[in-house]
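Enquirer:
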Amino acid sequence: MNHSSVKSIGVKVKKVFENVFVKREVEGFRAWLSSKGRSKKTVKERCRCLRNFLLSGTPLTARGLTAFFSRLRPGEAEHYAKALRLYLKYKGRRDLIEYVPSVSVKVEGGAREAPRYEDVRKVAEYIETREALYLYAMLAESGLRPGLGYQLTRNDVILGHRVVKRPLATRTKRFWFTFYYVDLDEELSKYVRGLSSARLFPKKPRNLRLEIYKAMDRALGYRFTLYDLRHFWISYMNYKGVNPLIVEVLAGHKPPFFRVTTDFYLAAWIKEWREEYDKAELKILH
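When we follow this note's numbering, the leftmost residue of the sequence shown carries the number -8, and every step to the right adds one.
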């Protein structure tokens, strides 16, 4: 048997294996969706998208999902996003859900498309108070989860170095440190002098959200959630070619056994990683 024959057999075996795997995954997903009471039409559509995704050979990773959605048209992406969000829940991979774009999510004011860089910057022009503006810029420039952003204290932000450091490790969420742009650092340095609270953003989260949503209404005529700023940040960092490992660590996506163990290593990484972060030139304030 010559080399080409062996290779041909290998390709056929691989294809059979892939088809068996895809069929098994789709049928399991179909049964799970049906058990959740989804309509036959919905189940059929979600399974169609999942089958195409699996047959594309895209790895179920942060980079794989980002690359996959970057190739889709907006209308097409919405169907795949709905299917893959459910599939990730079915597989117990909620850690990857934020890499699936929120193409059409209902918030106060209705549905919208995922925010673009130009839109994110434009909203900043319409936010009236410094507190809401700096929270908004911090979330967009650092990739912080909104819940963590509300809780930041002055001690969590290392002014002059543009570092947010607030170690967090739960069963589902992790965070070590991240960065923000130089213009925001200059503004925060002046802003904190007038703070009487230890918290960086002392207003109630609901009031801050509403102020930002109203700015979206005036600037864009539609709203996106503050969590979408995290999706935006991850996508933008990847688009600008920032090292994927650094993006994952700054976003808190490394597995639980990953630890930033000492201040020595943290200090050694910060300078180098901040330079990598700066490649994106992610500036929100005007």
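We treat Cβ as the ideally placed atom computed from N, Cα and C, and that holds for glycine.
1. In the DSSP output, which residue or residues are listed as bridge partners for Ile149?
2. What are the boundary residues of the beta strand (DSSP E) that includes Glu57?
3. Residues in its own chain within less than 6 Å of Met207 by CB, not counting five upstream and five downstream?
4. Roughly how many angstroms lie between the CA atoms of Val11 and Arg190, to the nearest whole one?
5. What is the C-beta distance between Val183 and Arg153, in whole angstroms, given that I count them as a contact (C-beta under 8 Å)?
6. Is Phe168 helix, strand or coil when you go by DSSP?
7. Buried or exposed, going by whether 16 or more other CB atoms sit within 10 Å of the CB of His244?
8. Would the segment 115 to 125 and the segment 214 to 225 be scored as touching if the rule is three or more Cβ pairs under 8 Å?
9. Provide the residue(s) that pair with Thr216 in DSSP beta bridges, ordered along the chain.
10. Give me the Cα-Cα distance between Ser61 and Asn234, rounded to the nearest whole angstrom.
11. Going by DSSP, what residue range makes up the alpha helix (DSSP H) through Tyr117?
12. How is the alpha helix (DSSP H) around Lys35 delimited, first residue to last?
13. The alpha helix (DSSP H) spanning Tyr127 covers which residue range?
Expert: Looking at the atomic coordinates:
1. Counted from its first residue, the sequence shown places residue 149 at position 158. According to DSSP, which records beta bridges pairwise, Ile149 is partnered with Val154.
2. Counting from 1 along the sequence shown, the entry for residue 57 is found at position 66. This sequence places Thr at residue 57; Glu is not what is there. Note, Thr57: premise wrong, no beta strand (DSSP E); alpha helix (DSSP H) at 53 to 61.
3. Here residue 207 is taken as the residue at index 216 of the sequence shown, counted from 1. Closer than 6 Å at the Cβ level, and outside the excluded window around Met207, lie Val114, Arg214.
4. Against the sequence shown, residue 11 aligns to sequence position 20. Against the sequence shown, residue 190 aligns to sequence position 199. Whole-angstrom Cα-Cα distance: 54 Å.
5. Position 192 of the sequence shown, counted from the first residue, corresponds to residue 183. Position 162 of the sequence shown, counted from the first residue, corresponds to residue 153. Contact doesn't hold; Cβ gap of about 14 Å is too wide.
6. Position 177 of the sequence shown, counting from 1, holds the residue named residue 168. Note: Phe168 maps to strand in three-state DSSP.
7. Within the sequence shown, residue 244 is the residue found at index 253, counting from 1. His244 is buried by the Cβ-count criterion.
8. no
9. On the sequence shown, residue 216 is found 225 positions in, with the first residue counted as 1. Paired residue(s): none; Thr216 is not in a bridge.
10. Within the sequence shown, the letter at position 70 stands for residue 61. Within the sequence shown, the letter at position 243 stands for residue 234. C-alpha separation (whole angstroms): 17 Å.
11. Taking the first residue of the sequence shown as position 1, residue 117 is located at position 126. Looking at the DSSP string, the run of the alpha helix (DSSP H) that includes Tyr117 is 108 to 117.
12. By one-based count along the sequence shown, residue 35 stands at place 44. Element bounds for Lys35: 31 to 46.
13. Translated into the one-based positions of the sequence shown, residue 127 becomes position 136. First-last of the alpha helix (DSSP H) with Tyr127: 121 to 133.
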